[in-house]
Amino acid sequence: MGTVRQGQGVSPSVARSRQRTARPVDCRLQLILIGDRGVGKTSLLERFTGGAFTENCKSTVGVDFKIRTIDVGDKKIRLQIWDTAGQERFNSITSAYYRNAKGILIVYDLTKRETFEELGKWMKMVDKYASEDADLLLVGNKLDREMEREVRRDEGEKFARQYCGMRFCESSAKDNSNVDDLFHRLVEDVVRKRSLNFMCVCVCG
Numbered sequence: 001m002g003t004v005r006q007g008q009g010v011s012p013s014v015a016r017s018r019q020r021t022a023r024p025v026d027c028r029l030q031l032i033l034i035g036d037r038g039v040g041k042t043s044l045l046e047r048f049t050g051g052a053f054t055e056n057c058k059s060t061v062g063v064d065f066k067i068r069t070i071d072v073g074d075k076k077i078r079l080q081i082w083d084t085a086g087q088e089r090f091n092s093i094t095s096a097y098y099r100n101a102k103g104i105l106i107v108y109d110l111t112k113r114e115t116f117e118e119l120g121k122w123m124k125m126v127d128k129y130a131s132e133d134a135d136l137l138l139v140g141n142k143l144d145r146e147m148e149r150e151v152r153r154d155e156g157e158k159f160a161r162q163y164c165g166m167r168f169c170e171s172s173a174k175d176n177s178n179v180d181d182l183f184h185r186l187v188e189d190v191v192r193k194r195s196l197n198f199m200c201v202c203v204c205g
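Numbering-wise (full-length UniProt numbering), the sequence shown opens with residue 1 and increments by one.
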């Protein structure tokens, strides 16, 4: 998985024209996806940034990221979204990326209860390394496999309520259910909390 590069396959003259006419970005935000290995973090990110779903997606090694620009109200926001490895041996690497994240998606696989039971571990990582004002979204992924569900929706909702301001959503990267919505919802929360003061939430890059 690599970064999304703008202008690939476009002639230099057309690319320059687009750069002159494109509305400038109002703000840059960093988001981060965390959770156990195999819960679908990479697949969610691929879907959101325009990629196709891959059944046997390779696990992320260390960290990787993709970029997408979205509109929130009348503002244009460029998102740098970090995808982290779920294996414990990479924690020392991935923890460094929590600090600048204004939004954190904590993902579990609703067909594997053990990934839900490990959420406490991930919340300890958030408490230790993330900014105190980071917005949180709990995501129960693989909704397309409802018949294999091991974690009830109300259990996810109850866990989220333990943390002030944490939202909850269920999604499916495979059938693209709620994927755009969950990312947009998190970004809208980031913006709303800061009363559209984009200078406060911008990051260098």
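Here a beta-carbon is modelled for each residue, glycine too, at the ideal position from N, C-alpha and C.
Look at L110 here: in three-state DSSP terms it is coil, with no helix or strand label.
Looking at the DSSP output, G120 bridges to nothing. Taking E155 as the centre and dropping the five residues before and after it, the same chain places the C-beta of F116 closer than 8 Å to its C-beta, in chain order. The beta carbon of E148 sits closer than 6 Å to those of T111, all from its chain and outside the five residues before and after it, given in chain order. In the structure shown, G103 adopts extended strand secondary structure according to DSSP, grouped into three states.
Approximately 25 Å separates the beta-carbon atoms of W82 and Q162; this is outside 8 Å, ruling out the contact.
A residue is called buried once 16 or more other Cβ atoms fall within 10 Å of its Cβ, and V25, having fewer, is exposed. Straight-line measurement puts the Cα of L79 at about 6 Å from the Cα of T69. Boundaries of the alpha helix (DSSP H) around R161: 153-161.
The three-state reading of DSSP puts R194 in coil, since its state is none of H, G, I, E or B.
For N141, the beta-bridge partners assigned by DSSP are D109. Residue burial annotation: D74 is exposed, with fewer than 16 other C-beta atoms found within 10 angstroms of its C-beta. N178 is a Cβ neighbour of E170, given a cutoff of 8 Å.
For T42, the secondary structure class from DSSP, reduced to helix, strand or coil, is helix. For the set K174, K76, V126, the Cα lying nearest the Cα of C27 is the one of K76. When N176, D135, L186 are compared, the shortest CA-CA separation from D144 is found for N176. In the three-state reduction of the DSSP assignment, R37 falls in the coil class. By the beta-carbon neighbour count (other beta carbons within 10 angstroms, threshold 16), R47 is buried.
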